[in-house]
Each structure stands twice: as structure tokens, then as C-alpha cells.
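All remarks here apply to the structure that follows.
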Amino acid sequence: MSTTVDRSRLKALMARETASFVRTHPKSAALFRKARRSMPGGVPMNWMSKWPGGFPLFVSRAQGARFTDADGHAYVDLCLGDTGAMTGHAPPAAVQAIRSRLDRGLTAMLPTEDALAVSAELKRRVGLPYWQFALTATDANRFSLRLARLVTGRPKILVFNYCYHGTVDEAFITLKDGKPARRRGNIGPPVDPALTTKVVEFNDLPALKAALAPGDVAAVLAEPALTNVGIVAPAPGFHRALRALTRKAGTLLILDETHTICAGPGGCTREWKLSPDFWVLGKPIGSGIPAAAYGFTAEVARRAQELIRVEDCDVGGIGGTLAANALSMAAMRVTLEKILTPAAFRRMDATAARFTSGVSEAIQEAGVGWHVTRLGCRAEYLFHETPPRNGGEAAAAADFELERFMHLYSLNRGVLLTPFHNMALMSPATTNADVDRHTSIFRSALVELLA
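Shown next, in the form of C-alpha cells:
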């Protein structure tokens with residue numbers, strides 16, 4: 025069934041799409057040129073340089089599942105800030121709660137009642153009894169790792185190859201010829217990550233067991249399913265074995281659900297009845313306001329309180345002046361209570377299923393050896409006939425040139441996908457018409473590629 029894409033044709037089509045993008049976005053181009061005078065690469069964050077087309081769009085307004093750029097073009101947004109705007113842009117309930125908080129103060133280094141409501145709701149959804157807050161999932165992961173090292177007295181962390189945990193230093197490690205090595209593109213690592221971290225392939229239980237055997241791993245930091253290298257699902261029985269192996273080794277288990285919250289109101293942890301020692305969520309929990317939460321067991325809380333002296337608790341590397349500020353707590357409360365509700369997830373799942381079905385039918389019609397995978401309200405297509413079993417296989421199947429073409433082709437026709445891998449995310453505001461628009465564009469791209 026597999027069909028090879030003609031590379032010369034792909035290059036010609038990409039040149040055409042790039043020229044069209046430049047021609048139709050003069051205001052974004054002008055803003056980009058101006059930005060280069062004060063920002064390296066003309067972007068406020070390094071990875072924004074990766075958007076195809078020669079320069080990124082400059083956004084003027086975003087509402088629901090759509091946004092408008094500086095040139096006045098409107099788009100269906102299936103990127104949604106790579107999960108950061110999974111709630112949809114500027115959801116009315118969140119806007120109202122945020123505006124109300126603005127008039128009453130934003131940060132005071134003191135708790136508000138919203139913190140009680142958020143921690144209670146997360147306890148109900150996830151099952152862990154104790155909660156703390158940060159501004160990003162990266163920080164929540166870092167703080168969880170510090171606590172894990174504290175309560176276990178162990179130095180090492182274990183991650184899965186091609187995992188995603190924000191900018192946590194320990195996670196920028198990979199396997200090369202079966203040996204740990206720092207990931208390509210790892211900017212200025214403070215130490216060789218092999219000194220702090222062990223890495224094995226996802227779904228590889230023998231390798232996991234061997235890595236835990238020496239008894240030096242404080243925590244396994246994992247996504248329930250890999251997400252940033254394409255969706256890689258756990259094999260049957262994997263999570264049951266992961267939990268059994270970590271408990272036997274005296275290793276804590278941290279589940280980072282910053283992406284896999286797409287599976288439902290309590291993420292994969294609730295949907296699959298998992299039982300981590302820590303649970304982390306960032307990105308969408310604040311409806312676009314920087315916010316994150318991490319929960320943990322009563323045993324972790326007890327041990328941490330025994331070991332942390334009050335006089336030192338402000339200099340221990342956990343927390344931050346703006347963490348748990350009043351604005352982020354208000355945003356988290358309204359997001360959990362009124363936006364990312366069970367009813368919203370049911371609608372989002374249905375829309376994602378429609379997306380998956382449409383893309384799958386187009387792939388079958390074209391006879392091309394690709395596949396599409398869905399996890400809750402998140403869906404993604406990969407340029408490989410069979411789903412990968414681990415991060416190494418997923419990375420080997422990646423096609424950067426083809427990914428950029430598919431992204432830019434969709435963008436030029438009014439649909440934004442996540443640019444680093446062709447992921448589509450549904451928000452409560454995403455409609456069947458939005459999904460069908462993408463399917464039509466996707467089908468046209470295949471026709472042109474394979475003509």
C-alpha cells in the first residue's frame with residue numbers, strides 16, 4: 025500500500041506554497057523584518073523560528089477555535105497553542121473570571137480561596153490528596169523531581185526515549201546505538217544528561233526492569249502515552265507493569281499529563297485507572313494564563329514535611345515568587361469548573377473522532393502508506409504505515425520536509441496545525457465544519473503530492 029512521495033515534486037510544491045505565503049502576508053512579513061532588529065531570528069522564543077514559510081504569522085485576535093492574523097486572514101486553529109489553548113481562545117467564562125480578578129489584585133505571595141477550590145477539584149478528578157502550584161508544567165516537573173530525590177535519597181531519574189516534559193534538563197536525553205546520549209539540539213546542557221538520567225524505550229519492559237535494578241532511580245518521569253514525536257500508545261499491560269516495577273524498586277512514578285489531558289477530565293490517569301505518586305498538568309489548566317499544578321500522595325507529603333525545615337523552605341529550589349498567584353488560581357478554578365468539563369470532553373472527543381475518520385478515509389483513497397492516531401481529543405497523522413511502538417521508531421519515521429509542506433499547505437488554505445508534527449487538537453469551540461474543512465484540504469494535498 026505504501027506510496028513514495030516524489031521529492032522533486034515535493035520541493036516544487038513547497039516552493040509554490042512558500043511564495044504564496046509570502047505574497048499574501050505582507051504585514052506579517054514587515055513585522056518580522058522589524059522584529060529582527062530587537063529579537064534574535066525575529067521571534068520572541070527560539071522555537072518560533074521553526075514555523076514554515078520563512079516567517080511566523082503575527083496574530084491580531086483569537087476567539088474560540090479561530091484566530092486572525094495581522095493581514096486580516098482568518099484561520100481554523102487546530103494547533104491551539106500546542107495544548108495551551110485547548111480550552112479555546114478567550115473562553116467567555118474564563119475572560120469574566122480573569123477580569124474580575126484584575127480589579128482585586130494579581131499577586132500577594134498569600135493564598136486565596138481559589139486555591140482551595142482548585143486543589144479540591146484536582147483531588148476529585150485525579151485521586152491524589154495533596155497539591156501544589158507553579159506557572160509552567162516544566163517547573164511542576166522540576167519541583168516533583170526535587171521532591172522525589174528528597175524523599176527517596178536517590179540521585180537518578182528515568183525517562184522514555186523522545187519523551188516530552190517541557191524544558192526539564194533531565195529529559196533532554198536519547199538513545200544512540202543503544203547508549204544514552206544528549207538529544208540533538210540540546211542547548212548548553214549544565215551537565216551530561218547521562219550523569220543524571222537513565223533512558224529506555226517506551227514499552228520496553230525488560231530495559232525498564234534492568235535500569236531500575238541498581239536501586240538508584242528516584243523517579244520515573246513519564247507521559248502515559250508519548251505525544252511529542254507522534255502519538256505512541258502504551259502496549260497492553262505496560263502501565264500495570266510500569267507501576268509494579270517502580271514499586272518493587274522503591275522508585276516513585278511521576279505522570280506528566282500536560283498533553284495527555286486530552287484523554288479526559290482527569291487525563292489518562294482517570295481514564296485508564298492509573299496510580300502515580302505524582303501527577304503534573306500545565307498548559308490548558310489556566311485557559312491561557314500561565315499556570316500548572318502537581319499533586320502527590322500522602323506518603324510523599326509526609327516525608328517531605330519531615331525533611332524540609334521551615335527556615336529553609338524559601339531557598340530549596342521549589343516554588344517561585346509568582347507561583348500560585350491570585351490570577352492564575354482564578355483562571356485554574358474557572359477552567360476546571362466551567363470549561364474543561366466532562367460534557368466539553370465528550371464534544372471534543374466526538375470532533376476528534378470525526379477528524380480521524382476523515383483523514384483515514386483520505387489516506388485509504390490515496391493509497392499512501394500513512395496512518396492517523398487519536399488519543400481523546402488529540403489526533404495526529406504520521407508518514408508511516410504502522411503505528412510506532414516507541415519513540416525511536418517514531419523519530420525514525422519522521423519526515424521534516426513533508427511535515428513542513430503539509431503544515432504550510434493547510435495554513436495557506438486557512439487551517440493551522442501544530443507545525444513540529446501534524447497534530448490537531450479539538451477545543452470545546454471546534455465544530456464539525458472546522459474538521460471537514462481540514463479533511464478537504466488534506467485530501468487535496470494528497471492529490472497534488474501523488475499526481
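Here the sequence shown stands for residues 25 to 475, numbered as in our numbering.
Quick reminder that beta carbons are idealized off the backbone N, C-alpha and C, glycines included.
| query | result |
| --- | --- |
| By the three-class DSSP mapping on this structure, what secondary structure does residue 79 have? | coil |
| So residue 291 is in the alpha helix (DSSP H); what residue range does that whole segment cover? | 291 to 295 |
| Let me check one thing: in DSSP terms, what residues is residue 197 bridge-paired to? | 206 |
| What's the gap between the Cα of residue 133 and the Cα of residue 123? | 20 Å |
| Going along the chain, which residues of its own chain have a beta-carbon closer than 7 Å to the beta-carbon of residue 299, five neighbours each way excluded? | 267 |
| Which residue marks the beginning of the alpha helix (DSSP H) containing residue 383, and which one marks its end? | 366 to 390 |
| For the alpha helix (DSSP H) that residue 93 lies in, which residues bound it at each end? | Premise fails: residue 93 lies in the beta strand (DSSP E), 90 to 93, not in any alpha helix (DSSP H). |
| If you draw a straight line from the C-alpha of residue 222 to the C-alpha of residue 423, how long is it? | 27 Å |
| For the structure I just gave you, are there three or more beta carbon pairs, one from the stretch 406 to 426 and one from the stretch 321 to 328, closer than 8 Å? | no |
| Pull the bridge partners of residue 180 from the DSSP assignment, please. | 241 |
| Work out the CA separation of residue 155 and residue 140 for me, nearest whole Å. | 10 Å |
| Beta carbon of residue 150, beta carbon of residue 293: below 8 Å? | yes |
| Please name the residue, chosen from 112, 99, 84, that lies closest to residue 368 on a Cα-to-Cα basis. | 112 |
| Quick check: the Cα distance between residue 472 and residue 242, rounded to an integer number of angstroms? | 51 Å |
| Rounded to whole angstroms, what is the Cα-Cα separation between residue 126 and residue 339? | 29 Å |
| What is the DSSP secondary structure of residue 252, reduced to helix, strand or coil? | strand |
| Which runs of the alpha helix (DSSP H) spanning at least 4 residues fall entirely within the stretch 265 to 318, listed in chain order? | 291 to 295 |
| Would you please state the rounded distance, in angstroms, between the beta carbons of residue 435 and residue 107? I believe it to be under 8 Å. | Not quite, the Cβ-Cβ distance comes to about 19 Å (not below 8 Å), so this is no contact. |
| Find the nearest neighbour of residue 270 within the set 183, 91, 401, judged by alpha-carbon distance. | 183 |
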